[in-house]
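First to last, the protein sequences are chains A and B. If you're matching positions, the first sequence starts at 1 in full-length UniProt numbering and goes up one per residue. If you're matching positions, the second sequence starts at 1 in full-length UniProt numbering and goes up one per residue. Beneath this line is the structure, given in structure tokens, with notes to follow.
There are 2 protein chains.
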Amino acid sequence: MTLPLHILITGSAGFIGSHLVERFLGEGHFVTGVDNYISGQKRNTELFLSHPNFRFIEADVSYGIPFEGENLDWVMHFASPASPPHYQQFPIETLMVGAQGTQNALELAHGHGAKFMLASTSEVYGDPLMHPQPETYWGNVNPNGVRSCYDEAKRYAEAITMAYHRTKGIDTRIIRIFNTFGPRMRADDGRVVTNFINQALSGQPLTVYGDGSQTRSFQYVDDLVEGIARLMGVTYHEPINLGNPDEYSILHFAQIIRDRVNPALNIVFGPMPQDDPKQRKPDNTRALQLLGWAPKVTLREGLERSLGCVQTTSLPS
Amino acid sequence: MTLPLHILITGSAGFIGSHLVERFLGEGHFVTGVDNYISGQKRNTELFLSHPNFRFIEADVSYGIPFEGENLDWVMHFASPASPPHYQQFPIETLMVGAQGTQNALELAHGHGAKFMLASTSEVYGDPLMHPQPETYWGNVNPNGVRSCYDEAKRYAEAITMAYHRTKGIDTRIIRIFNTFGPRMRADDGRVVTNFINQALSGQPLTVYGDGSQTRSFQYVDDLVEGIARLMGVTYHEPINLGNPDEYSILHFAQIIRDRVNPALNIVFGPMPQDDPKQRKPDNTRALQLLGWAPKVTLREGLERSLGCVQTTSLPS
Numbered sequence: 001m002t003l004p005l006h007i008l009i010t011g012s013a014g015f016i017g018s019h020l021v022e023r024f025l026g027e028g029h030f031v032t033g034v035d036n037y038i039s040g041q042k043r044n045t046e047l048f049l050s051h052p053n054f055r056f057i058e059a060d061v062s063y064g065i066p067f068e069g070e071n072l073d074w075v076m077h078f079a080s081p082a083s084p085p086h087y088q089q090f091p092i093e094t095l096m097v098g099a100q101g102t103q104n105a106l107e108l109a110h111g112h113g114a115k116f117m118l119a120s121t122s123e124v125y126g127d128p129l130m131h132p133q134p135e136t137y138w139g140n141v142n143p144n145g146v147r148s149c150y151d152e153a154k155r156y157a158e159a160i161t162m163a164y165h166r167t168k169g170i171d172t173r174i175i176r177i178f179n180t181f182g183p184r185m186r187a188d189d190g191r192v193v194t195n196f197i198n199q200a201l202s203g204q205p206l207t208v209y210g211d212g213s214q215t216r217s218f219q220y221v222d223d224l225v226e227g228i229a230r231l232m233g234v235t236y237h238e239p240i241n242l243g244n245p246d247e248y249s250i251l252h253f254a255q256i257i258r259d260r261v262n263p264a265l266n267i268v269f270g271p272m273p274q275d276d277p278k279q280r281k282p283d284n285t286r287a288l289q290l291l292g293w294a295p296k297v298t299l300r301e302g303l304e305r306s307l308g309c310v311q312t313t314s315l316p317s
Numbered sequence: 001m002t003l004p005l006h007i008l009i010t011g012s013a014g015f016i017g018s019h020l021v022e023r024f025l026g027e028g029h030f031v032t033g034v035d036n037y038i039s040g041q042k043r044n045t046e047l048f049l050s051h052p053n054f055r056f057i058e059a060d061v062s063y064g065i066p067f068e069g070e071n072l073d074w075v076m077h078f079a080s081p082a083s084p085p086h087y088q089q090f091p092i093e094t095l096m097v098g099a100q101g102t103q104n105a106l107e108l109a110h111g112h113g114a115k116f117m118l119a120s121t122s123e124v125y126g127d128p129l130m131h132p133q134p135e136t137y138w139g140n141v142n143p144n145g146v147r148s149c150y151d152e153a154k155r156y157a158e159a160i161t162m163a164y165h166r167t168k169g170i171d172t173r174i175i176r177i178f179n180t181f182g183p184r185m186r187a188d189d190g191r192v193v194t195n196f197i198n199q200a201l202s203g204q205p206l207t208v209y210g211d212g213s214q215t216r217s218f219q220y221v222d223d224l225v226e227g228i229a230r231l232m233g234v235t236y237h238e239p240i241n242l243g244n245p246d247e248y249s250i251l252h253f254a255q256i257i258r259d260r261v262n263p264a265l266n267i268v269f270g271p272m273p274q275d276d277p278k279q280r281k282p283d284n285t286r287a288l289q290l291l292g293w294a295p296k297v298t299l300r301e302g303l304e305r306s307l308g309c310v311q312t313t314s315l316p317s
């Protein structure tokens, strides 16, 4: 990318958003972050507040994005509660940031002639009947279950992104982010990586839901950020999977963390949540061909880098 | 139902909306219709303007519903472009009426303690891999194709309806309407029923897309309205299919209309549109058990009642 760009990131105080801010500032770009802290964290804003190229706007993008600058090269829409405990606590807000939030971000991009990137998700595949999932797979999502506030919001966000691309010619990107982990994840985000790490570090038994045979793939955040940066340099409008295809059963994953932190800990089993996907694994062929991208950080390397970096704030009540 | 109720219907000037207005006025209820005429027709409002129990508000419900009365028993959200040529002409408006429009209607219901009904669609099943489709089937929808502006808007509308039901306790209903036909369909709505009737009545060849082996089921509008009226008397929040399970291949359907109107006409074949579903047929078990409802009007009876009732206005340009 040529220097410097002006990049606006919604959800800049979130886990992934904050890593994007860090990357782009490190490359010399100007970054405007936007967050309302519904699930983002102020410490992720404070990290960058002293940087001369960083600006922050506290706003709920579902009600508008009060950006007053003139030049904008990219609008990157990463705002949304993204872990099941968060989005199920805020289902209407999650639906709104997928619809009104995405539309406001698209309008901002359109008004400034900026490019637009949507952070979509592997959740658009739901509980997939095809494995691994290529981008051409249409998914298996319950349209009105307890997870639908997130899954359908993101499917809608893809649809309106393509509608703006088709009718208004906006230069759009859609990434489908698979499970990602790394430093600055919230300790209370309820996702399996942070749950296991927290339980292990605090000497508690690790809780596996169901029999643990359901599988997940875990991508280290630096790999995701590299894929995003490469996609900004390519003109391509269809969705692109970004995820690590190394697949682990949840039980095996618990064992890896347990053995790394404290082999004496127990693993206990709890009831499977409603509509929980049984397996999820990206087909990365498109990203490899288009971007020359493949994840490089193994699960064990990523865990080493993440242990000790888990944060310990609580959800807003 | 006890008399009289005050029922607000968004999309009151549409094909189905206008039949609901007619039914409820006929039963002695008060009806407030709302439409912005993006695909509804003024003549469908004019039909009822002289009725003492009818009020009309011209408004785009995606931007708010300026209802100023105090008492409201039902909000029935039927506003949306619904035929492929209409919603593909207005993809962003179609997405908005599914998101902001549904939310505005839910908020109106919530503010007045009214019950809420969402007009969803068999399109949430997409190109189904299960046949016939029960309400428990999650569908096979392209989340970003050319039909996604409608399909994903309706899936989102179901998700936000259930989110309001779960978090705010609104007494909601969701119907999934399968292909419906009858008097007051727009001649230019682009659906196969009106296309065939118009072509036959004007002496043109009937155009079948693809090889005509794709199937559809056609419900006469009076059956749908009866199912809706019955559902208003039952407390049930999960989606309910309302459609006619009598399945016809499109080619057979063309032959029926051709033979009825002018057996000398040709049937010609055109290319299949993108993402066109290959088959669609409701499993009506839930409606039968819950409402004692099953469609009564056969395709041939419905066609007799519809022939000559097709309207001939044009789309807004």
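Ideal Cβ placement from N, Cα and C applies to all residues, glycine included. None of these values were measured; they are calculated from a predicted model.
Rounded separation between residue i and residue j - CA only
| i | j | result |
| --- | --- | --- |
| B:S306 | B:I38 | 23 Å |
| A:E93 | A:D211 | 32 Å |
| B:Y87 | A:I257 | 50 Å |
| A:G302 | B:A287 | 52 Å |
| A:N36 | B:N195 | 50 Å |
| B:D73 | B:I7 | 6 Å |
| A:I175 | B:S80 | 29 Å |
| A:H77 | A:M117 | 6 Å |
| residue 325 of chain A | A:A105 | An answer regarding residue 325 of chain A cannot be provided, because it is not within the stretch 1 to 317 covered by chain A. |
| A:R43 | A:L299 | 26 Å |
| B:P273 | B:Y209 | 7 Å |
| A:F56 | A:F48 | 9 Å |
| A:F24 | A:I228 | 11 Å |
| B:D189 | A:A153 | 28 Å |
| A:R155 | B:A159 | 11 Å |
| B:S130 | B:A157 | The question names Ser, yet the displayed sequence has Met at residue 130 of chain B. Roughly 22 Å between the two C-alpha positions. |
| A:E238 | A:R191 | 28 Å |
| A:V75 | B:M232 | 45 Å |
| B:G26 | B:T32 | 14 Å |
| A:S120 | A:V34 | 18 Å |
| B:F67 | B:S50 | 20 Å |
| A:T161 | B:G64 | 23 Å |
| A:P271 | A:E58 | 38 Å |
| B:R230 | A:S83 | 39 Å |
Beta-bridge partners of residue i, as assigned by DSSP
| i | result |
| --- | --- |
| A:Q219 | A:T180 |
| A:G270 | A:Y209 |
| A:R173 | A:M117 |
| B:P263 | BP columns for B:P263 are empty, so no partner. |
| residue 326 of chain B | An answer regarding residue 326 of chain B cannot be provided, because it is not within the stretch 1 to 317 covered by chain B. |
| B:N144 | Paired residue(s): none; B:N144 is not in a bridge. |
| B:N241 | B:R176 |
| B:V31 | B:I7 and B:F54 |
| B:P128 | BP columns for B:P128 are empty, so no partner. |
| A:P282 | A:Q133 |
Beta-carbon contacts of residue i that lie in its chain and below 7 Å, excluding the five residues immediately before and after
| i | result |
| --- | --- |
| A:V297 | Y220, D222 and D223 |
| A:G139 | V124, Y125, G126 and P128 |
| B:A163 | none |
| A:K278 | D127 and Q214 |
| A:V61 | T10, V34, A79, V97, G101, N104 and A105 |
Cutoff 6 Å; reference residue i; Cβ partners in own chain excluding five residues on either side
| i | result |
| --- | --- |
| A:D275 | N142, G145 and R147 |
| B:F171 | Before going on, a small fix: residue 171 of chain B reads as Asp here, not Phe. Here the set comprises K115. |
| A:E112 | Looking at the sequence shown, residue 112 of chain A is not Glu but His. Closer than 6 Å at Cβ, skipping near neighbours: L72. |
| A:A254 | F196, L206, V208 and I267 |
| A:E304 | none |
| A:L3 | G28 |
| B:V193 | F181 |
Own chain, CB closer than 8 Å to residue i, minus 5 neighbours either side, in chain order
| i | result |
| --- | --- |
| A:S122 | Q133, R176, I177, F178, N179, N241, G243, R280 and P282 |
| A:G169 | none |
| A:T313 | Since pLDDT at A:T313 reaches only 39, below the 50 mark, its modelled position is unreliable, and the value read off the structure follows with that caveat. Counting only Cβ-Cβ distances below 8 Å, and skipping sequence neighbours, we find Q41, R43, R186, A187 and D188. |
| B:Y236 | R173 and L290 |
Self-check item: Inter-stretch contact (C-beta, 8 Å, three-pair minimum) for the stretch 116-128 of chain A and the stretch 182-190 of chain A
Solution: Touching, no.
Practice problem: Could you tell me which uninterrupted alpha helix (DSSP H) segments, each at least 4 residues in length, are contained entirely in the stretch 39-91 of chain A, listed from first to last along the chain? | Solution: Counting only unbroken stretches of 4 or more residues, the alpha helix (DSSP H) elements lying wholly within the stretch 39-91 of chain A are 42-46 and 84-89, in sequence order.
Quiz item: Below 8 Å, can you find three or more Cβ-Cβ pairs linking the stretch 257-266 of chain A to the stretch 10-18 of chain B?
Solution: No: fewer than three Cβ pairs fall under 8 Å.
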